[in-house]
Structures are given as structure tokens and as C-alpha cells.
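Chains as they are written, first to last, in the numbering used here: chain X, -11 to 260; chain U, 227 to 445; chain L, 57 to 268. From the three backbone atoms N, C-alpha and C, an ideal C-beta is built for every residue, glycine too. Structure first, then comments.
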Amino acid sequence: MSVSQMSAALQTDAFAEQPIVRYRKVSKSFGDLQVIKEIDLNIAPGEKVAVIGPSGSGKTTLVRMLMTLERPSGGTIEVDGEMLWHKRVNGKLVPADEKHLQRVRCKIGMVFQQFNLFPHMNVLRNVTEAPVHVLGLSRAEAEERAREMLTKVGLADKLDAYPAKLSGGQQQRVAIARALVMRPKVMLFDEVTSALDPELVGEVLTVIKEIAAEGDMTMMLVTHEMDFAREVADRVIFIDNGEIMEQGPPWAIFGHPRHPRTRAFLSRFRKK
Amino acid sequence: MVIWDWEFAIKVLPDLFKAMRVTVAATFAGFGLALVIGLILALGRRASFKPLSLLSRGIIEFIRSTPLLIQLFFIFYALPLATGISLSAFQAGALGLGLHYGTYLSEVYRAGIDAIPRGQWEAATALNFSRLHTWTRIILPQAIPPIIPVMGNYLIAMFKETPLLSTITVVEMLQTAKIIGSEWYRYLEPFTIVGALFLLLSYPASVLVRRLELRLNQR
Amino acid sequence: MFELLPALLRGLGVTVQLTVLGSILGFILAFLTGLARLSRYSPVRFIAACYVEVFRGSSLLVQLFWMFYALPFFGIRLPGLAVGVLALGMNFGAYGSEIVRSSILAIPQGQTEAAIALNFTPFQRLWRIILPQAWLIMIPSFGNLLIELLKGTSLVSLITLTDLAFQGALLRETTGRTIEIYSLLLIIYFILAFFITLSMRWLERLAAVGRS
Ligand SMILES: Nc1ncnc2c1ncn2[C@@H]1O[C@H](COP(=O)(O)OP(=O)(O)OP(=O)(O)O)[C@@H](O)[C@H]1O
Ligand SMILES: [Mg+2]
């Protein structure tokens, strides 16, 4: 079986149900530089997908397009059966407006490499601001949800602290709680431990593993932590130069990488 | 009703142009003074002798936070009574501008001097340069180029404040416009032209300064 | 010397009134224009830029005189106080818009992105996330600008408004005590400016809660 046949087989297997995320021939260029090249990718509900690849290969761009932070130059992205960047008017595809984006976007949450907590709000406000003002929950409801999430990430005692007073690991865990409290169907993690001191990486990965273990959340994890990817991912995608070079279950990708580029990438990693 | 009278506008233009010379002269005289006063105040502020640095700071704060208009009145009307030195209106105006903007420039100098790495001072000490030599050959030549755009901005700002000199009888552009206006009972054209002339000179100048700033930032 | 004070302070009300009203108008214009200059629509940006360049590029005193002497030619005859507030406010607004604009631009892009990821509307992003942070950066610059405005109010004495500077000139004519009058005036303005500085510092502390 060739690589492509194999991944095709894998895909049909996983897609007894409708995929929750579907990239169709998605491309992205910055000026003359094409950083994503007609990528097709389906993700099943509840699936945990780890995205690995060398620096500058387009991993961040891939997830940012799903978060609506970057507009694809070509192709379509669907979330839960609904077009993300386009809508259908009289049978024709037209670019989506802000209202449409807002409706589809509520199914997606994201955690950033640089945390991006709101520095002018304490932890509780950081986590409740969106539930109150976007979901329209009452403050009491929002705080209850927030407490629950902050307990989950181990920060129930930091409700009144401001981000500047927290360690990087704590900040990132608040950021995770802030995204989770919106109850998205798909969570995106873009190298969430890369900005952390090595001794703080563990606490953040532990929290993500716990969330993954609960099962129903669909996750897309861009990461350089290969052990972590092996542990949480159902599927690992190796991207190089804006293309999916190889994908498969962790044991296959890490154990028996087929593509020479994957092998080169992984061996470079082991040496480090 | 034709509001704007071109004929009148063209007739008064030469007088306004002539007055522009006074405006420009006052700007440069004031700025020259400001450059010197600013440096003195900046050095005074850095002085290790505490009373001197406090005094400089006090002067800077006081002049900066009081109106130029009153300062001009003070210099022109009160100073001669207090000291016996009487200045011409133009001299008083230039001195007022120079003092006022000197306090702003002192802050600019300070920023420039503070940006010099400690190592430069240490190297100068290690080479046993005299203090004068350190300042004139090492520190200021490095401190001043980066602050030239900011100084340019203050030059433009000062230029736009020269109309205040009309209040102490300097016949610059605004005063000329006022005289014309009261003579012909038409204020629209002269004041509009004066405003336009200020814009015409200061806008390109500020674009130039912005360019210079970009160039310096690129280096 | 101090027996001159009561007569001088008769102008204090007008000076304070002009400072307060001028800064209110100025703040509103500064925010509207600062935001307009960041607009997606180029005509909006263009109009805002024109306003800013005209008012920053010509002189405050010329603007004041123009509104006082030239505006009536268009049939618009405003009371002196209104002219003062309008000229000061529009001038303040033009300079202030640059403060607003640059402070907004100084907020890291990641803040907007996080707000998008949480599905805030564009208005909520601005109002709840960006402006509160930009505000902290703006305060010191607005403090300086406010002092410039206070200083600028002295110019209204030249269009017959009876502010501090006007009372000073009047008193000088009747008493001839030039040195004392102008010294007192400078000190009064200095105290007013100091008061502004203190208030801005207090505001800054208030806005900086939780941030080190
Ligand atoms: N806004 C942008 N404008 C121009 N080029 C961009 C932009 N964003 C990303 N790029 C380029 O696109 C390419 C892919 O970037 P991307 O951030 O997606 O890579 P990545 O795989 O996430 O890399 P890393 O592991 O370093 O995070 C890079 O060459 C990058 O320089
Ligand atoms: Mg990346």
C-alpha cells in the first residue's frame, strides 16, 4: 500500500460520521509566498490531531485559518457541516460577513503560544468576560462555569490575581480555562508550551492531557513536544512546506515514518 | 453672495508675505536660543551638585507649565521695570520663544543623553579624557543625531506659536492680517491666508521630519 | 502683592470653564478622529487626516482669530466663549487623535486575536479589550496635552474673553503694578497645571490596577 492509499484508508475508517472540520483544497499565500498548498484535511468529532513539522512549514497558518484569524486564499473550510469563510447565497459562494463568522466561530476555541491574557482583567474576569458578553450568561452563571474550569486547570485559588502576577504556566492554564469556558466543539492549541520555561511545560501539558482524556473535545494541537503528541494524539500530521507530507497514528509516524522528509525531521528532533 | 473676495485676497498677499519674513526670523532666532538654553538646562539637570539640578528642574517645570503669552508679557513689560534692561519687541519675543521651547528641548537633550550606553562614559574615563572633551567629542556627537527629528518637531511647533508675538507689538503675519482687517473691515481673507500659509509651511516640514525619523529608525 | 489676587481670580472661572469644556470637546473629537484614522474605509481615514493636519498645521491663535473674526462672514456669529471652546477643543482633538491612534496601535495584535477567538464582536473587542489597555498608555500624553490646553486658554483673552490673562491685562492698566501682576499670573497657572498633573497621576494609578 502506498502512503496515500494508506492515509485514505485511515480517513474513511475514521469518517463513519460526518467530519467536524473539513479543509478542502485550502491554500494561503502571503504576497508571493504560498505557505499552504491545497491542503485537504478532515477531522472527526472528538478526534485529537497533532500537527508537527519544521519551523515555517505553515502549521500556525493552518490553525489560524480555522480560527478565522487568517483568510484562506483558496479553497473552503467547513465546521460542523457549515462553511466558515463563505456562505451560500442563491447557490453561489460569497465571502462570509462578520455575522456569519461569529455564528460559526463559536464552535471553535484557541489557545495561543503567547497566552494573550487580557492584562487589565483579573483571572476571573478574563474567564467570565466572554461568557457574559458573547454568550449572554448572567454573571453568576458565568462565574460558576469559570470556577469549575479554573478548578480543572488547578487555579481555583487565583481568581483575583492579575496576569502580570502569574507564572507563564499559570497564565497559559488560565488561557486554557478561558477558551474551555466557551464550550467550543473544537479546540486549537498552537505551540502552547513554546513560550514557557522548561520547568513549567509539564503543568500545562498535564492539563491538556486531562482534557483530552475526557474524550468528546475535538482537538488540533500544533506542537514540538513529540512525546506529548504520541501520548494524546489519535492522528499525527506532518506538514512540510505547506503540504501534508504524511499522516497516521502516532505509532506509525513516530515508529515507522515512511516519507524521507518525516524521517529527517524526526531524527533532527531526537538529536536535540 | 460671494463670500470670498479674490481681488482683495490678492491685494493683501504681498503685505502678508513681507510679514512672513518677520515670522520666520523670529522662529529661527527663538529656536537658536532654545537650542542653547535647552542644552544648559539639560546639563544643569544632570549636575551632581544637587541644588543646581533641583533649580534646573524647577525652572523647566515652571516655564513648561505656564502660558507663553504671560511669559511674553512678563519679558516685554515687567522685565524692563525689574531690571532696567529693555528689549525690543522682537528681542523679547525671541527670548520668550527661546526660553519656553528651551525647556521642551532640555527634555529632548536629556532623552538623547540618557540613551548613550554606560560603556561610552566608561571608555572615556578609561582613556582619561577631560570632562569637556568627553562631552563635546564623545557624548553629544552621539546623543544629538537621533534627536534631530524630535527637535524638528519642536521647531515646527514653535513656528506655529510665533503669532503670539503679535501681542507684544511684533508685526508678524497675524498682526499684519489684523491691521489689514481693521483697515478694510474684512477679516476673512487675511486670516484665512495666514492660516493657509502656516499650513503650507508646516505641513511639508512635518512630512520631512517624519521621513527623517523613518530613515534614522531604519539605521 | 496679594491684595491683587481677588481681582485677578475673577478670571479663574472663565479659565477653568474653558479648560473643562475645551477638554471635553477635545476628548470626544480625539477619540472619534483617532478611531476614524484606523478605519477600514479610506474616505473616513482621509477626512480624519485632513482635520488633524489642518488643525495641527495652522496655529491655535490663528484658528481662534479666524473663528472669531472670519466666521461671521459666513453668517455664523458665535459668542466668545463658544469660539474659545470650539477652537481649543478642535485643536486639542487634533493632537489628541494622534495619542489615541498610536496608543491603540501599541496594543499587541495578540489581544485582538484572543478577542476574536473568544468571538467578541468588533465593537466589544475595541471597547472591552483594546481601549481599556490603550487608555493606560494614553493618560500621560493626555496629561501633557491638557496642560497645553490650559496654557492655550490664555489666548482667549485676545478675543475679549475675561479669563485670568484678561483680568491681568485689565488690572495692569488700572494699577500699573506690572511685575506683581504677571508674577502672580504665572504662579496661578503653575498651580493649575500642577493640579492637572496630580489628577492625571491619580487617574493613571487607578487605571493601572493589577498591572506591574
Ligand atoms: N502575516 C504574515 N505575513 C507574511 N508571511 C507570513 C505571515 N504569517 C506567516 N508568514 C510566513 O508563512 C510561513 C508559515 O508560517 P507559520 O507561522 O504558519 O509557520 P509554522 O509552521 O507555524 O512555524 P513555527 O514552527 O516557527 O511556528 C512562514 O514562512 C512565515 O514567514
Ligand atoms: Mg507557529
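#1: Which runs of the alpha helix (DSSP H) fall wholly inside the segment 287 to 313 of chain U and span at least 4 residues, in chain order?
#2: Here's a check: name, in chain order, each residue in its chain whose Cβ is nearer than 8 Å to the Cβ of Val195(X), leaving out the five neighbours to either side.
#3: Under 8 Å between C-beta atoms, does Tyr330(U) make it to chain L?
#4: Assuming Met175(X) contacts Gly97(X) (C-beta within less than 8 Å), just tell me the rounded distance between them.
#5: Mind checking which residues open and close the alpha helix (DSSP H) that includes Asp28(X)?
#6: Taking only beta-carbon positions, decide if Ile421(U) is within less than 8 Å of chain L.
#7: If you scan the segment 82 to 161 of chain X from start to end, which runs of the alpha helix (DSSP H) of 4 or more residues do you find wholly inside it?
#8: Using 8 Å as the threshold, is the segment 389 to 397 of chain U in touch with the segment 313 to 323 of chain U, meaning 3 or more CB pairs across them?
#9: Under 8 Å between C-beta atoms, does Asn200(L) make it to chain X?
#10: Out of curiosity, what's the CA-to-CA distance linking Thr49(X) and Val23(X)?
#11: Per DSSP, what kind of secondary structure is Met256(L) in: helix, strand or coil?
#12: Listed in chain order, which residues of the segment 88 to 117 of chain X have Cβ atoms closer than 7 Å to some Cβ of chain L?
#13: Between Arg363(U) and Glu348(U), what straight-line distance do the alpha-carbon atoms span, to the nearest angstrom?
#14: What did DSSP end up calling Ser158(L) once you bin it into helix, strand or coil?
#15: Can you confirm whether Glu86(X), when its beta carbon is compared against all beta carbons of chain L, has any partner nearer than 8 Å?
#16: Would you mind working out which of Gln73(L), Phe58(L) and Leu205(L) sits nearest Asp219(L), comparing C-alpha positions?
#17: With distances taken from CA atoms, which of Pro245(X), Ala240(X), Phe106(X) and Arg171(X) is nearest Pro119(X)?
#18: Could you tell me whether any non-hydrogen atom of ligand 2 is closer than 7 Å to the CB of Val420(U)?
#19: Strictly closer than 5 Å from CB to any heavy atom of ligand 1: give me those residues in the order they appear in the chain.
#20: Using the rule of at least 16 other Cβ atoms within 10 Å of the residue's Cβ for burial, across every protein chain shown, is Asp215(X) buried or exposed?
#21: Can you find a heavy atom of ligand 2 that lies under 7 Å from the Cβ of Glu179(X)?
#22: So, does the CB of His121(X) fall closer than 8 Å to a CB anywhere in chain L?
#23: To which residues does DSSP link Phe293(X) through a beta bridge?
#24: If you measure from the beta carbon of Met55(X) to each beta carbon in chain L, is any gap under 8 Å?
#25: Identify whether Glu66(X) lies in helix, strand or coil by the three-state DSSP scheme.
#26: Between Gly270(U) and the rest of its own chain, which residues show a CB-CB distance below 6 Å, the 5 nearest in sequence each way excluded?
#27: Could you check the C-alpha separation between Ile289(U) and Ile266(U) for me, to the nearest Å?
#28: In terms of DSSP beta bridges, what is Lys264(X) paired with?
#29: Using DSSP bridges, identify the partner residues of His74(X).
#30: Go ahead and label Gln167(L) buried or exposed: buried means 16 or more other beta carbons lie within 10 angstroms of its beta carbon, across all protein chains shown.
#31: Do three or more CB pairs link the segment 152 to 162 of chain L to the segment 191 to 198 of chain L at distances below 8 Å?
#32: Among all the DSSP beta bridges, which residues are the ones paired with Asp178(X)?
#33: Determine the chain U residues that contact Gly67(L) at a beta-carbon separation under 8 Å, and present them in chain order.
#34: Measuring only the C-alpha atoms, how far is Lys173(X) from Ala167(X)?
#35: Can you find the residues in the same chain that come closer than 7 Å, C-beta to C-beta, to Pro42(X), ignoring five residues on each side of it along the sequence?
#36: Please classify Phe243(U): is it buried, with 16 or more other beta-carbons within 10 angstroms of its beta-carbon, or exposed?
To lay it out plainly:
#1: Listed in chain order, the complete alpha helix (DSSP H) runs (minimum 4 residues) inside the segment 287 to 313 of chain U are 294 to 299 and 305 to 309.
#2: Close CB contacts of Val195(X) within its chain, under the 8 Å cut and outside five residues either way in sequence, are with Lys140, Val141, Gly142, Arg161 and Ile164 (chain order).
#3: At a cut-off of 8 Å, the C-beta of Tyr330(U) has no neighbouring C-beta in chain L.
#4: Correct: roughly 5 Å between the Cβ atoms.
#5: Looking at the DSSP string, Asp28(X) is not in any alpha helix (DSSP H); the run it does join, the beta strand (DSSP E), is Leu21 to Ile31.
#6: According to the sequence displayed, residue 421(U) carries Gly and not Ile. Chain L has a Cβ within less than 8 Å of the Cβ of Gly421(U).
#7: Counting only unbroken stretches of 4 or more residues, the alpha helix (DSSP H) elements lying wholly within the segment 82 to 161 of chain X are 86 to 93, 111 to 118 and 127 to 140, in sequence order.
#8: In this structure the segment 389 to 397 of chain U touches the segment 313 to 323 of chain U; the number of beta carbon pairs closer than 8 Å is three or more.
#9: Closer than 8 Å: no.
#10: Roughly 8 Å separates the two Cα atoms.
#11: In the three-state reduction of the DSSP assignment, Met256(L) falls in the helix class.
#12: Listed by position along the chain: Gln90, Arg93, Cys94, Gly97, Met98, Phe100, Gln102, Asn104, Phe106, Pro107, His108, Asn110 and Glu117.
#13: As the crow flies, the alpha-carbon of Arg363(U) is around 14 Å from that of Glu348(U).
#14: Looking at Ser158(L) - three-state DSSP - the assignment turns out to be helix.
#15: Interface residue (Cβ-Cβ distance to chain L less than 8 Å): Glu86(X) is classified as such.
#16: For Asp219(L), the closest C-alpha among the options Gln73(L), Phe58(L) and Leu205(L) is that of Gln73(L).
#17: Per the Cα distances, Arg171(X).
#18: For Val420(U), the shortest C-beta to heavy atom distance toward ligand 2 is 7 Å or greater.
#19: Screening all residues for a C-beta within a distance smaller than 5 Å of any heavy atom in ligand 1 leaves Phe18(X), Val23(X), Ser43(X), Gly44(X), Ser45(X), Gly46(X), Lys47(X), Thr48(X) and Thr49(X), in chain order.
#20: With a threshold of 16 other beta carbon atoms within 10 Å, Asp215(X) falls short and is exposed.
#21: Yes - ligand 2 has a heavy atom lying nearer than 7 Å to the Cβ of Glu179(X).
#22: At least one chain L Cβ lies under 8 Å of His121(X).
#23: An answer regarding residue 293(X) cannot be provided, because it is not within the stretch -11 to 260 covered by chain X.
#24: Interface residue, yes.
#25: Glu66(X) falls in the strand class under three-state DSSP.
#26: Closer than 6 Å at the Cβ level, and outside the excluded window around Gly270(U), lie Leu278 and Ser282.
#27: Inter-residue distance for Ile289(U) and Ile266(U) is about 15 Å (C-alpha atoms, whole angstroms).
#28: Because chain X in this structure spans residues -11 to 260, residue 264(X) falls outside the shown range and cannot be described.
#29: According to DSSP, His74(X) bridges with Pro83(X).
#30: Buried, because 16 or more other Cβ atoms sit within 10 Å of the Cβ of Gln167(L).
#31: At 8 Å Cβ cutoff, the stretches touch.
#32: Residue pairing by DSSP places Asp178(X) opposite Val210(X) in a beta bridge.
#33: The contacting residues do not exist; Gly67(L) stays about 12 Å from chain U at best.
#34: Separation of Lys173(X) and Ala167(X) (C-alpha to C-alpha, rounded to the nearest whole angstrom) is 11 Å.
#35: These residues qualify, in order along the chain: Asp228 and Phe253.
#36: Classification for Phe243(U): exposed.
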